[in-house]
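Those protein sequences? They're chains A and B, same order as listed. Residue numbers are given in this note's numbering: position 298 of the first sequence equals residue 298, and the series is strictly consecutive. Add 390 to a position in the second sequence, counting from 1, and you land on the number used in this note's numbering. Just so you know, even glycine gets a beta-carbon here, dropped at the ideal spot from N, CA and C. The block underneath contains the structure these notes are about, expressed in structure tokens.
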Amino acid sequence: MIDFKLPSLGADMDEGTLLRWQVKPGDSVKRGQVVAVVDTSKAAVDVEIWHDGVVQEIKVEPGEKVPVGTVLATLREPGEAMAVQPADEGTRRPVSPSARQRARELGIDPEAVAGTGVQGSVTLADIEAAAQGRPATVVPAVSAPSQAPAADRQREMRRAIAAAMGRSKREIPHYYLSQTIPMAAALAWLQQRNQDLPVTGRILPAALLLKAVALALRRTPQLNGFFRDGAFQPSETVHAGVAISLRGGGLVAPAIHGVETMSLPQLMGALSDLVRRARAGSLRSSEMSDPTITVTNLGDQGAEAVFGVIYPPQVALVGFGSVALRPWVDGGELRAWPLVTATLAADHRVSDGHQGALFLVELRDCLQQPQALADACAAPSIEGKTDHET
Amino acid sequence: MSYREALREALREALQADPRVFLMGEDVGRYGGTYAVSKGLLEEFGPERIRDTPLSELGFVGAGIGAALGGMRPIVEVMTVNFSLLALDPIVNTAAMLRHMSGGQFSVPLVIRMATGAGRQVAAQHSNSFEGWYAHVPGLRVLSPATVEDARAMLAPALADADPVLIFEHAQLYNMEQEVPDGAALAADISSARVRRAGSDVSLVTHGGSLPKTMQAAEALAGLGISAEVIDLRVLRPLDDDTVMASVRKCHRAVVVDEAWRSGSLAAEVMARIGEQAFFDLDAPLARVCSEEVPIPYARHLEEAALPQAQKIVATVQALMGRRP
Numbered sequence: 001m002i003d004f005k006l007p008s009l010g011a012d013m014d015e016g017t018l019l020r021w022q023v024k025p026g027d028s029v030k031r032g033q034v035v036a037v038v039d040t041s042k043a044a045v046d047v048e049i050w051h052d053g054v055v056q057e058i059k060v061e062p063g064e065k066v067p068v069g070t071v072l073a074t075l076r077e078p079g080e081a082m083a084v085q086p087a088d089e090g091t092r093r094p095v096s097p098s099a100r101q102r103a104r105e106l107g108i109d110p111e112a113v114a115g116t117g118v119q120g121s122v123t124l125a126d127i128e129a130a131a132q133g134r135p136a137t138v139v140p141a142v143s144a145p146s147q148a149p150a151a152d153r154q155r156e157m158r159r160a161i162a163a164a165m166g167r168s169k170r171e172i173p174h175y176y177l178s179q180t181i182p183m184a185a186a187l188a189w190l191q192q193r194n195q196d197l198p199v200t201g202r203i204l205p206a207a208l209l210l211k212a213v214a215l216a217l218r219r220t221p222q223l224n225g226f227f228r229d230g231a232f233q234p235s236e237t238v239h240a241g242v243a244i245s246l247r248g249g250g251l252v253a254p255a256i257h258g259v260e261t262m263s264l265p266q267l268m269g270a271l272s273d274l275v276r277r278a279r280a281g282s283l284r285s286s287e288m289s290d291p292t293i294t295v296t297n298l299g300d301q302g303a304e305a306v307f308g309v310i311y312p313p314q315v316a317l318v319g320f321g322s323v324a325l326r327p328w329v330d331g332g333e334l335r336a337w338p339l340v341t342a343t344l345a346a347d348h349r350v351s352d353g354h355q356g357a358l359f360l361v362e363l364r365d366c367l368q369q370p371q372a373l374a375d376a377c378a379a380p381s382i383e384g385k386t387d388h389e390t
Numbered sequence: 391m392s393y394r395e396a397l398r399e400a401l402r403e404a405l406q407a408d409p410r411v412f413l414m415g416e417d418v419g420r421y422g423g424t425y426a427v428s429k430g431l432l433e434e435f436g437p438e439r440i441r442d443t444p445l446s447e448l449g450f451v452g453a454g455i456g457a458a459l460g461g462m463r464p465i466v467e468v469m470t471v472n473f474s475l476l477a478l479d480p481i482v483n484t485a486a487m488l489r490h491m492s493g494g495q496f497s498v499p500l501v502i503r504m505a506t507g508a509g510r511q512v513a514a515q516h517s518n519s520f521e522g523w524y525a526h527v528p529g530l531r532v533l534s535p536a537t538v539e540d541a542r543a544m545l546a547p548a549l550a551d552a553d554p555v556l557i558f559e560h561a562q563l564y565n566m567e568q569e570v571p572d573g574a575a576l577a578a579d580i581s582s583a584r585v586r587r588a589g590s591d592v593s594l595v596t597h598g599g600s601l602p603k604t605m606q607a608a609e610a611l612a613g614l615g616i617s618a619e620v621i622d623l624r625v626l627r628p629l630d631d632d633t634v635m636a637s638v639r640k641c642h643r644a645v646v647v648d649e650a651w652r653s654g655s656l657a658a659e660v661m662a663r664i665g666e667q668a669f670f671d672l673d674a675p676l677a678r679v680c681s682e683e684v685p686i687p688y689a690r691h692l693e694e695a696a697l698p699q700a701q702k703i704v705a706t707v708q709a710l711m712g713r714r715p
């Protein structure tokens, strides 16, 4: 028997509310399959399972809020005998008329909510409770979601961000560096590449910047990984957490996995998909739990530079401001040049300013050779350089 | 003031106010009324206006209808609802229907008072609650005063009504004592239900002799953390749906408490209307506390077991609340 426990979906999560099950007792599950949706107070996350098996028993009902580590369900390993009969199917869940009505107004599936009423029926109070523990966007709403749960949600999200950022500033000795990066070559390359493509096939500068960060990190592994239990654990691959602001406030920073191995079109696709799902509230647990570095881009909002707060247990955050025409000296002449200010906030327990500076310089150099950036997909093209700081 | 005294005060006031008013029934004169409601009125108003009748409900109810048609304002006392079955034909086929049958030419401004209900060990034939039967009939207005104030206040508007009005006095209420406001402040309407206790978790809909038991139950429920709202229907026909539905929309649960049997009953009617008009406001199945479907027993413990009681109401409400946080 395997216990399927509520995973931690980020440093700011110590409990979660089970919103719904995607499986029922008796179902076979495969490693990596999404089996449940859990609300972390920041987002509704599709939780994956990491074992093959057959669902034996559901331990936590939709609507229940439980601490990280709580057993949500038990699994029979492949070949293991069934202990009890699976729950009988086909019985209609009793939902009170007013609860059903309210659920429709809130866009909640009442059959997926735990019932506390007569004969286990779902009551009005159960629906209201479920509404407060989840974003209104998880199930498409038939009518407008009510304001009160959204306000509660807003408070929860603020509380979660406050906890994580407070911890970061208490525990992590940040140091900050910045680097102005000419973007003329990158923008020209992008424009040429995009000009014959439909809108959906175009690459945005954000994808190029992400790729450049991932490649630049190869020179400075001290910026990519986790600081846990008093020690740094470097990560072999770059899972870039992309800070995404949510409609109605707050933000999440789910990961794109293995950015250094992805082609630019793949990365662009992953980025659009991630933004869409983050705003629709259907992120996956692995995306929430394992970013190795965060990249934040406030350029669209017009900020010139962003000095970020590291998301524990990560050890660095890379920020980009707006790409804009500014004065730049090129070959002894003053020109109007497209520039971006890249910044690094890094954990001084793990790296020093010297390494941080090397990273930013590497990032700048990568962005001067956009074709090489596009071609580098897991190829050790930059490994050839001398790694003199390690 | 007691419920009995309030009824007597109302009768006295009516007799003084209008010379067309007279009281007629078995033992209302020399005996002073089976429940002593009309005690002293014979001496005060004389045998022309306080008239003892033979034991013939069919006869004297019919005479009352005739007097009403003739321009009088009779108050007919039928000793109990049990005996009114002998007068069903004049009440239903004549009093209730004459306006319709005459194309609006005749109305029957008759008031019939009767005692109703069980709980005094007078056995099955004297313990019925048939007010719901009368509430079935178009053309009748059916009142169920459950407070001393209503006992005092309902007679005057009943007499003012151009059509027949039936007033049901629960036999267990006659000795009930309550403060009553002065005449001008009396709640005199005979069309609306009243919220007797405000609450938010469950609506207890009742009337007449079941009101005190329901109020007791609401008090006990408060001790259990359940806020019960008590609705006194007051008027059984026509029913005041608005007051009931407003309460159900607030509380989302409803229990009807009525001493009559449940099958084909007034309780069933109230529940049906809630189902029709407030279905989407319900958060639990409807429930009711009625008498057991047996002739009301004579033995005290069996009679108590057969009738609605406060603890039955409490248990019924608790079963509707589910597992509360």
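What span of residues does the alpha helix (DSSP H) with residue i cover, start to end?
{"i": "residue 265 of chain A", "result": "264-280"}
{"i": "residue 94 of chain A", "result": "Segment: none, residue 94 of chain A is in no alpha helix (DSSP H) and carries neither H nor E."}
{"i": "residue 394 of chain B", "result": "393-407"}
What are the start and end residues of the beta strand (DSSP E) that includes residue i?
{"i": "residue 559 of chain B", "result": "555-560"}
{"i": "residue 374 of chain A", "result": "That residue, residue 374 of chain A, is in no beta strand (DSSP E); its alpha helix (DSSP H) goes 370-375."}
{"i": "residue 396 of chain A", "result": "Here chain A has residues from 1 to 390 only, and residue 396 of chain A is not among them."}
{"i": "residue 338 of chain A", "result": "333-347"}
{"i": "residue 4 of chain A", "result": "2-5"}
{"i": "residue 414 of chain B", "result": "411-415"}
{"i": "residue 622 of chain B", "result": "618-622"}
{"i": "residue 48 of chain A", "result": "44-48"}
{"i": "residue 706 of chain B", "result": "Note, residue 706 of chain B: premise wrong, no beta strand (DSSP E); alpha helix (DSSP H) at 700-710."}
{"i": "residue 325 of chain A", "result": "324-330"}
Tell me whether residue i sits in a helix, a strand or coil according to DSSP, three-state version.
{"i": "residue 249 of chain A", "result": "coil"}
{"i": "residue 394 of chain A", "result": "Since the displayed chain A opens at 1 and closes at 390, residue 394 of chain A lies outside it and no answer follows."}
{"i": "residue 428 of chain B", "result": "coil"}
{"i": "residue 186 of chain A", "result": "helix"}
{"i": "residue 497 of chain B", "result": "coil"}
{"i": "residue 110 of chain A", "result": "helix"}
{"i": "residue 313 of chain A", "result": "coil"}
{"i": "residue 464 of chain B", "result": "strand"}
{"i": "residue 381 of chain A", "result": "At residue 381 of chain A the pLDDT is 41, less than 50, meaning the model places this residue with poor confidence and gives no usable figure here."}
{"i": "residue 593 of chain B", "result": "strand"}
{"i": "residue 506 of chain B", "result": "strand"}
{"i": "residue 15 of chain A", "result": "strand"}
{"i": "residue 443 of chain B", "result": "coil"}
{"i": "residue 307 of chain A", "result": "coil"}
{"i": "residue 480 of chain B", "result": "helix"}
{"i": "residue 143 of chain A", "result": "Model confidence at residue 143 of chain A stands at a pLDDT of 31, short of 50, so the residue's coordinates are unreliable; what they give is reported in the following sentence. Coil, per DSSP."}
{"i": "residue 692 of chain B", "result": "helix"}
Just tell me which of the options has its CA closest to the CA of residue i.
{"i": "residue 223 of chain A", "options": "A:202, A:250, A:295 and A:193", "result": "A:295"}
{"i": "residue 75 of chain A", "options": "A:259, A:23 and A:241", "result": "A:23"}
{"i": "residue 157 of chain A", "options": "A:195, A:69, A:201 and A:246", "result": "A:246"}
{"i": "residue 121 of chain A", "options": "A:132, A:98 and A:69", "result": "A:98"}
{"i": "residue 700 of chain B", "options": "B:500, B:402 and B:618", "result": "B:618"}
{"i": "residue 554 of chain B", "options": "B:614, B:457, B:540 and B:585", "result": "B:457"}
{"i": "residue 13 of chain A", "options": "A:100, A:49 and A:160", "result": "A:160"}
{"i": "residue 550 of chain B", "options": "B:462, B:590 and B:473", "result": "B:462"}
{"i": "residue 368 of chain A", "options": "A:187, A:68, A:30 and A:256", "result": "A:187"}
For the ligand MG, I want to know if residue i counts as a neighbour, meaning its beta carbon is within less than 6 angstroms of at least one of the ligand's heavy atoms.
{"i": "residue 410 of chain B", "result": "Judged by which ligands are present, the structure shown has none, so any question about the ligand MG falls away."}
Check the C-beta distance from residue i over to residue j and give it rounded, since I have them as a contact under 8 angstroms.
{"i": "residue 252 of chain A", "j": "residue 43 of chain A", "result": "5 angstroms"}
{"i": "residue 580 of chain B", "j": "residue 547 of chain B", "result": "5 angstroms"}
{"i": "residue 535 of chain B", "j": "residue 569 of chain B", "result": "That pair is no contact at about 15 angstroms."}
{"i": "residue 608 of chain B", "j": "residue 639 of chain B", "result": "About 19 angstroms separates the two Cβ atoms, so there is no contact after all."}
{"i": "residue 267 of chain A", "j": "residue 275 of chain A", "result": "Wrong, their Cβ atoms sit about 13 angstroms apart, outside the cutoff."}
{"i": "residue 219 of chain A", "j": "residue 358 of chain A", "result": "6 angstroms"}
{"i": "residue 293 of chain A", "j": "residue 271 of chain A", "result": "In fact, because the Cβ distance is near 15 angstroms, the residues do not count as touching under 8 angstroms."}
{"i": "residue 62 of chain A", "j": "residue 112 of chain A", "result": "5 angstroms"}
{"i": "residue 525 of chain B", "j": "residue 626 of chain B", "result": "4 angstroms"}
Strictly below 7 angstroms CB to CB, what residues from chain D border residue i?
{"i": "residue 669 of chain B", "result": "Absent here is chain D; the protein component of the structure consists of chains A and B."}
Practice task
List in chain order: all unbroken alpha helix (DSSP H) runs of 4+ residues lying wholly within the stretch 625-681 of chain B.
Solution key: Secondary structure remark: continuous alpha helix (DSSP H) runs of at least 4 residues inside the stretch 625-681 of chain B, in chain order: 631-641 and 656-667.
Handout entry: Within the stretch 204-234 of chain A, ranges of the beta strand (DSSP E) (whole runs, at least 3 residues)
Key = The qualifying runs are 225-228 and 231-234.
Problem - In chain order, each beta strand (DSSP E) run of at least 3 residues that lies wholly inside the stretch 511-584 of chain B - result: Scanning the stretch 511-584 of chain B for uninterrupted beta strand (DSSP E) segments of 3 residues or longer gives 531-533 and 555-560, listed from N- to C-terminal end.
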